[in-house]
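Q:
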Amino acid sequence: MPSFPSELLDYPWSTWTSRYLTNLSPKQMGHFFVDVLIVGGGLSGLRAAHEVDPSLRALILTKDKLEESNSSYAQGGIASVWDPEDRFDNHVQDTLVAGAGLCDSDVVAQVVKEAPERVNELIAWGTRFDTQDGQIILGREGGHSHQRILHALGDATGKEIIRAMIEHVKSRPNVEIVEETFTLDLITFEGRCHGVIASTRGGKPYFIWAKETILCTGGCGQVFRESTNPRVATGDGHAIAFRAGAIMRDMEFMQFHPTVLYIAGSSRTLITEAVRGDGAYLLDSRGYRFMGDYDARLELAPRDVVSQSIVSQMEKTQSPCVYLSMKHLNPTHIRNRFPGIAKVCAGFGLDIAVDAIPVRPGAHYMIGGCTVDTEARTSLPGLWAAGEVTSTGLHGANRLASNSLLEGLVYGSIAGRNAAQSALENRSEELRVLPISSATQIMLKEPIDFADIRNSIRSLMWRNVGVRRQADRLDETIQTIQHYCTYVLSLQLDSVDGWELQNMLTVSLQMATSALKRNESRGVHFRTDFPAQSSEWQKHLSLRRESIPQNTTR
Numbered sequence: 008m009p010s011f012p013s014e015l016l017d018y019p020w021s022t023w024t025s026r027y028l029t030n031l032s033p034k035q036m037g038h039f040f041v042d043v044l045i046v047g048g049g050l051s052g053l054r055a056a057h058e059v060d061p062s063l064r065a066l067i068l069t070k071d072k073l074e075e076s077n078s079s080y081a082q083g084g085i086a087s088v089w090d091p092e093d094r095f096d097n098h099v100q101d102t103l104v105a106g107a108g109l110c111d112s113d114v115v116a117q118v119v120k121e122a123p124e125r126v127n128e129l130i131a132w133g134t135r136f137d138t139q140d141g142q143i144i145l146g147r148e149g150g151h152s153h154q155r156i157l158h159a160l161g162d163a164t165g166k167e168i169i170r171a172m173i174e175h176v177k178s179r180p181n182v183e184i185v186e187e188t189f190t191l192d193l194i195t196f197e198g199r200c201h202g203v204i205a206s207t208r209g210g211k212p213y214f215i216w217a218k219e220t221i222l223c224t225g226g227c228g229q230v231f232r233e234s235t236n237p238r239v240a241t242g243d244g245h246a247i248a249f250r251a252g253a254i255m256r257d258m259e260f261m262q263f264h265p266t267v268l269y270i271a272g273s274s275r276t277l278i279t280e281a282v283r284g285d286g287a288y289l290l291d292s293r294g295y296r297f298m299g300d301y302d303a304r305l306e307l308a309p310r311d312v313v314s315q316s317i318v319s320q321m322e323k324t325q326s327p328c329v330y331l332s333m334k335h336l337n338p339t340h341i342r343n344r345f346p347g348i349a350k351v352c353a354g355f356g357l358d359i360a361v362d363a364i365p366v367r368p369g370a371h372y373m374i375g376g377c378t379v380d381t382e383a384r385t386s387l388p389g390l391w392a393a394g395e396v397t398s399t400g401l402h403g404a405n406r407l408a409s410n411s412l413l414e415g416l417v418y419g420s421i422a423g424r425n426a427a428q429s430a431l432e433n434r435s436e437e438l439r440v441l442p443i444s445s446a447t448q449i450m451l452k453e454p455i456d457f458a459d460i461r462n463s464i465r466s467l468m469w470r471n472v473g474v475r476r477q478a479d480r481l482d483e484t485i486q487t488i489q490h491y492c493t494y495v496l497s498l499q500l501d502s503v504d505g506w507e508l509q510n511m512l513t514v515s516l517q518m519a520t521s522a523l524k525r526n527e528s529r530g531v532h533f534r535t536d537f538p539a540q541s542s543e544w545q546k547h548l549s550l551r552r553e554s555i556p557q558n559t560t561r
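With this note's numbering as the guide, the letters of the sequence shown map in order to residues 8 to 561.
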């Protein structure tokens with residue numbers, strides 16, 4: 008087992024909620040049995056399914072349609088050393104620099120060195136990366152020293168990769184996929200995970216028992232008002248792992264993407280890093296190219312630097328956004344290179360090759376999550392995890408652009424392989440329902456406006472736990488969320504909207520508590536009252552149910 012923090016301070020999370028979101032009656036609920044259960048159908052979940060031995064039954068649960076995941080919405084690409092002039096050491100160093108002193112160097116080296124092999128697998132399984140004259144086109148993004156970003160469909164890399172992976176996984180007869188199924192909680196007994204409690208289309212919950220469970224549920228950007236994440240990214244995996252007792256780490260590190268389309272009435276569409284990689288300028292409301300005032304790398308500085316620079320410039324000019332301009336670039340190339348962005352902007356009367364695109368930062372990628380070791384084990388036996396729901400040590404305090412799909416591939420394969428091996432070693436076919444129970448929760452008597460509370464949380468988190476943070480506002484956030492928790496987390500709800508709200512409260516409280524604890528600025532975490540990075544805080548913060556953050560050595 009990995010080495011995890013052992014001493015965690017008490018904190019009364021249980022004041023508001025029982026162990027499970029629903030009252031359990033095992034003798035009155037349905038039961039299903041599988042060998043390997045994968046919760047989440049994004050890239051890491053699909054890649055994990057590939058590794059499951061054909062003699063084992065694997066089941067993938069997805070909250071929405073299989074295509075709805077953060078992986079599908081990834082635009083820019085996947086990072087890999089591909090150019091003969093590039094080197095693994097270059098990619099490793101770029102990742103470490105972006106991570107602001109909190110990366111695990113062994114994990115970084117492992118992931119970077121596996122990248123070409125994992126990408127070649129994608130190609131073999133049908134992924135069509137963009138090519139020119141038979142050669143894969145490589146792009147460059149912020150923080151990268153070389154051209155190493157493989158992309159597809161111009162600016163829809165995730166969509167193409169997921170398409171190919173879905174076809175590949177569906178061809179495996181031992182893998183079953185069940186869509187539109189919400190996972191309420193992990194089943195735990197005597198300190199081990201034994202599967203999940205699930206509900207299909209909001210119906211009556213049932214048990215799915217598994218020899219091994221892999222959590223691949225993605226991120227939690229929806230806890231912020233401004234986010235690039237799809238509607239499904241409500242932090243469910245982070246919440247259910249926390250309730251089950253898994254150790255969570257680095258929950259203060261939410262990465263804010265610097266360039267999100269900012270037009271009234273539009274969805275907060277991501278404007279990929281690759282736009283700046285192809286030469287786009289960032290201009291303020293007065294038309295001034297301002298990045299040179301903040302960083303010598305200009306528009307290709309790491310995301311945390313660019314996001315902070317944009318916020319500073321917005322404050323200087325008293326403007327709600329800045330602008331991306333590509334009018335100095337070849338218009339034909341720009342329209343062909345970014346067809347998805349061009350289409351979205353055209354819907355608002357903007358020609359991306361001519362017009363300035365209004366942008367501002369938005370919540371994009373959750374760096375914190377379940378602590379896992381290099382074998383993808385969490386601190387809870389029987390539970391493995393991969394992708395955005397985890398804290399592997401790859402990203403440190405700030406993720407390098409296009410390393411997320413790569414991490415999902417590498418750790419998805421590791422989690423699937425190791426979970427499958429563990430299931431193979433457990434040859435018992437005994438079907439035994441364990442005596443699981445939960446404290447009785449209060450049934451909802453008066454109607455609660457879930458949407459109103461959800462919007463309040465998202466606005467609160469954006470104001471106070473967004474790009475810039477300070478102690479008094481973090482205190483305000485914690486107190487407000489605690490108030491919501493007193494009456495929302497004590498209820499037994501019976502809808503996806505209600506369960507999502509409970510999960511969002513759980514995750515938001517973890518994030519705000521951790522952000523208040525870290526009295527420095529590092530990577531994506533910026534405290535206006537502690538604006539400098541401190542060597543004393545070159546540490547991780549860990550959370551466990553009924554505990555508050557504790558400093559732990561790297």
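All C-beta atoms, glycine included, are put in the ideal place defined by N, C-alpha and C.
#1: Using the three-state DSSP reduction, which class does residue 52 fall into: helix, strand or coil?
#2: Please report how far the alpha carbon of residue 350 lies from the alpha carbon of residue 278, in whole angstroms.
#3: With DSSP as the reference, label residue 431 as helix, strand or coil.
#4: For a minimum of 3 consecutive residues, which ranges assigned as the beta strand (DSSP E) are wholly contained in the segment 247–321?
#5: Kindly list the residues whose CB is nearer than 7 Å to the CB of residue 383, restricted to its own chain and excluding five residues on each side of it in sequence; keep chain order.
#6: Beta-carbon separation of residue 532 and residue 259 under 7 Å?
#7: How close, in whole Å, do the beta carbons of residue 145 and residue 101 come, if the pair is a contact with beta carbons under 8 Å?
#8: Following the continuous beta strand (DSSP E) through residue 505, name the residue where it begins and the one where it ends.
#9: Ordered along the chain, which non-local residues of its own chain (more than five positions away) have a Cβ less than 6 Å from that of residue 136?
#10: Is the beta carbon of residue 464 sitting closer than 7 Å to the one on residue 528?
#11: Can residue 386 and residue 254 be called in contact, C-beta distance under 7 Å?
#12: Quick check on residue 571: buried or exposed, where buried means 16 or more other Cβ atoms within 10 Å of its Cβ?
#13: Taking residue 48 as the reference, which of 232, 141, 396 has the closest Cα?
#14: Ends of the alpha helix (DSSP H) at residue 460?
#15: The alpha helix (DSSP H) spanning residue 351 covers which residue range?
#16: How close, in whole Å, do the beta carbons of residue 400 and residue 111 come, if the pair is a contact with beta carbons under 8 Å?
#17: Could you tell me the alpha carbon to alpha carbon distance between residue 473 and residue 35, rounded to whole angstroms?
#18: Output yes or no for whether 7 Å exceeds the beta carbon distance between residue 193 and residue 212.
#19: For residue 119, which residues of its own chain have a beta-carbon under 6 Å away from its beta-carbon, when the five flanking residues on both sides are left out?
#20: Tell me the DSSP secondary structure of residue 148 in three-state form.
#21: Just to confirm, are residue 263 and residue 427 a CB contact at a threshold of 7 Å?
#22: When the Cα atoms are used, what is the spatial distance from residue 302 to residue 234?
#23: Tell me, please, which residues DSSP counts as bridged to residue 38.
#24: Going by C-alpha to C-alpha distance, which of 300, 51, 183 sits closest to residue 226?
#25: Would you mind sorting residue 435 into buried or exposed? The rule is 16 or more other CB atoms within 10 Å of its CB.
#26: Measuring alpha carbon to alpha carbon, tell me which residue in 480, 412, 310 is nearest residue 82.
#27: Please report the straight-line C-alpha distance between residue 290 and residue 331, rounded to a whole angstrom.
#28: If residue 66 and residue 185 are in contact, beta carbons under 8 Å, what's the gap, nearest whole angstrom?
#29: Could you compute how far the alpha carbon of residue 223 sits from the alpha carbon of residue 295?
A: In short:
#1: Residue 52 falls in the helix class under three-state DSSP.
#2: 12 Å
#3: helix
#4: 261–268, 288–290
#5: 391, 392, 393, 418, 421, 422, 425
#6: yes
#7: Between residue 101 and residue 145 the Cβ distance is about 14 Å, and since that is not below 8 Å, they are no contact.
#8: From DSSP, residue 505 is part of no beta strand (DSSP E) but of the alpha helix (DSSP H) over 503–524.
#9: 143, 157, 159
#10: The answer is no: Cβ separation not under 7 Å.
#11: yes
#12: Nothing can be reported for residue 571, as the shown portion of the chain is limited to 8 through 561.
#13: 396
#14: 457–471
#15: 346–353
#16: 3 Å
#17: 44 Å
#18: Between residue 193 and residue 212, the C-beta spacing is not below 7 Å.
#19: 95, 98, 99
#20: Coil.
#21: Taking 7 Å as the cut-off, the beta carbon of residue 263 is found no closer than this to the beta carbon of residue 427.
#22: Between the alpha carbons of residue 302 and residue 234 lies a gap of roughly 25 Å.
#23: 214
#24: 51
#25: exposed
#26: 412
#27: Between residue 290 and residue 331, the C-alpha separation is close to 6 Å.
#28: In this structure residue 66 is in contact with residue 185, their Cβ atoms being roughly 7 Å apart against a cut-off of 8 Å.
#29: 43 Å
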